[in-house]
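Per this note's numbering: the sequence shown = residues 7 to 420.
C-beta atoms are modelled at their ideal positions from N, C-alpha and C, and glycine is treated no differently.
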Amino acid sequence: MLVYEFKLKGKQQQFNLIDEVIRTALFIRNSCVRYWMDNPHIGKYDLSAYCKELAANFEWAGKLNSMARQASADRAWAAIFRFYSNCKKKVPHKKGFPKFKKRGHSVEYKTTGWKLSEDRKYITLTDGFEIGRLKLIGTNDLHFYQIKDIKRVRLVKGADGYYAQFCIAVDRQIKIEPSKKVIGLDVGLNHFYTDSNGDKVENPRFLRKSEKALKRLQKRVSKKFRKGKPQSNSYKKARNKLARKHLKVSRQRKDFAVKLARCVIQSNDVVVYEDLQVRNMVSQRVGRVPRLEATGEPVRVKNHKLAKSISDASWYQFRCWLEYFGKVYGKITIAVSPHWTSQNCSNCGEVVIKALSTRTHECPHCKTVLDRDENAALNILAKGLSTVGHTGTNAWGENDLCLDMATDLGKLAQ
């Protein structure tokens, strides 16, 4: 599935109608959640049928395309299904009970309700809101794909304008020559990651660099806010400038993650990384000092002081793009458990307990001295190779190449 994004160019009246369409889709989504609360035994198709009742009861809801109403019901069912799944898996603490949303930022059409021009540079929305024709601004070319391959069209309201996203059903595969290299990655805060070869990539820290400007813009928004009164145009402009700055930071993170992940995948045939639960790492801390259980394994303490730095690093986004490009280029990506990767010695395997402030690994057993992150990357790589060996993964289907890889892996193990 490919997603092509274009910026929309049109009149302000058309954008106001898009806002109305988004509010209508949000109303249908919230109504479906309410309907499920009153009738907890209904299913996905019952919600789709309920959309027809909403269109009959509310004239303005009937203006929205029927498939767009079904897509809004699908969003409600996604929240409900996630709640059921968490309950079934016995996820601790909150299970994610579906909530009503106050604000919406997008509406999704399926295969009807829109029409592309012959030159594929304009889109016309044909539902009851009569938005009309909008120009598509972007570098992607839709001529390479058939209209029937476009399964979804999503209208998105952003801080810097309105966008149209085309979801295209196509299997993207790029063939490149194998590099016969394997690598283990240990992500961190001092450096974005350190690999098993000792190479390091600096942490860009986009949020930290923009923090001064963000605080200044936030002060302007706070000064212009009037509690209990209608907000002025100057407040809306200040809030939009703040949103644009946050949007720029998020785009910088994404651009960095995409380019770095593509480079790593193209340069290696096997990439091993940690299966980190980033969401748990940035939650409120529950202790002060790491404790040891009866087994001797250190207990992970949720340290909220590092939450901003961890979120700024965007480890999870980097992992998602690694896995995506791994499928595109036909490479192996392996997520391994992060337990003991920093404490074990990569040479002899003995446990060397280190605090987070200790940045050098010094093994008293085999006298190995390594950078802490490089030692962890070697342990991550060893875990990943053992996983590949048990599963018998053959990414290329060529026996001679697999034999060469086995020889290289044997040298690394020594």
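Close-in-space but distant-in-sequence residues of the same chain around residue i (CB under 7 Å, 5 per side omitted)
i	result
Ser37	Leu60
Lys260	Gln323
Asn353	Cys369, Cys372, Thr374
Asn71	Tyr115, Thr118, Gly119, Asp133
Arg430	For residue 430 there is no data in the structure shown, the boundaries of the chain being 7 and 420.
Asn246	Ala165
Tyr335	Ile180, Ile182, Ile271, Gln272
Glu329	Thr339
Thr397	Unreliable placement is indicated for Thr397, whose pLDDT of 46 sits below 50; the coordinate value is still reported in the next sentence. Correct list: empty, nothing qualifies.
Where residue i falls: helix, strand or coil (DSSP)
i	result
Ile174	strand
Glu280	strand
Arg378	helix
Gly68	helix
Gly390	helix
Gly204	coil
Tyr90	helix
Val193	strand
Leu362	coil
Asp25	helix
Arg291	In this prediction, Arg291 scores a pLDDT of 44, lower than 50, which makes its location untrustworthy; no coordinate-derived value is stated.
Lys17	coil
Glu299	Its pLDDT being 39, under 50, Glu299 is placed unreliably by the model, and the measurement read from it follows with that caveat. Glu299: coil per DSSP, three-state reduction.
Gly332	helix
Asn209	coil
Val97	coil
Asn63	helix
Ser348	coil
His367	strand
Ser320	coil
Arg160	strand
Ile129	strand
Glu11	strand
Thr145	coil
Residue i burial status per 10 Å Cβ neighbour count (16 or more: buried)
i	result
Tyr90	exposed
Trp66	exposed
Asp410	For Asp410, the predicted structure reports a pLDDT of 46, less than 50, and the residue's modelled location is therefore unreliable. A value from the coordinates is still provided. Exposed: under 16 other Cβ atoms inside 10 Å.
Ile338	buried
Glu208	exposed
Asn239	exposed
Ile86	buried
Glu280	buried
Gln77	This sequence places Ala at residue 77; Gln is not what is there. The residue in question, Ala77, is buried, as its Cβ has 16 or more Cβ neighbours within 10 Å.
Phe106	exposed
Leu278	Looking at the sequence shown, residue 278 is not Leu but Val. By the 10 Å Cβ count, Val278 comes out buried.
Pro104	buried
Arg109	exposed
Ser348	buried
Arg285	exposed
Val97	exposed
Thr30	buried
Cys57	buried
Asn45	exposed
Pro344	buried
Tyr168	buried
CB contact flag (residue i, residue j, <8 Å)
i	j	result
Glu11	Gln171	yes
Leu248	Leu223	yes
Leu14	Leu122	no
Val276	Trp327	no
Leu8	Val176	yes
Trp42	Ile34	no
Arg211	Asp318	yes
Lys163	Ile340	no
Val39	Ala74	no
Cys93	Lys101	yes
Ala383	Asp201	yes
Tyr128	Leu148	no
Gln272	Ile182	yes
Thr130	Gly138	yes
Contacts around residue i, its chain only, beta-carbon distance under 6 Å, and the 5 residues preceding and following it disregarded
i	result
Asn381	Ser352, His367
Val255	Phe212, Leu213, Ser216
Phe135	Leu23, Val27, Lys69
Gln18	none
Gly204	Glu380
Phe262	Pro210
Thr226	For clarity, residue 226 is Arg in the given sequence; the question names Thr instead. If we look at Arg226 and ignore the five residues flanking it on each side, its Cβ neighbours are Ala244.
Ile316	Met287, Val288
Glu356	His371
Leu376	His367
Any non-hydrogen atom of the ligand ZN within 7 Å of residue i CB
i	result
Lys221	What this structure holds is no ligand at all, so the ligand ZN is not there to describe.
Residues of its chain near residue i, where Cβ-Cβ distance is below 8 Å and the 5 sequence neighbours each way are ignored
i	result
Gln283	none
Asn274	Ser185, Lys187, Val188, Ile189, Lys337
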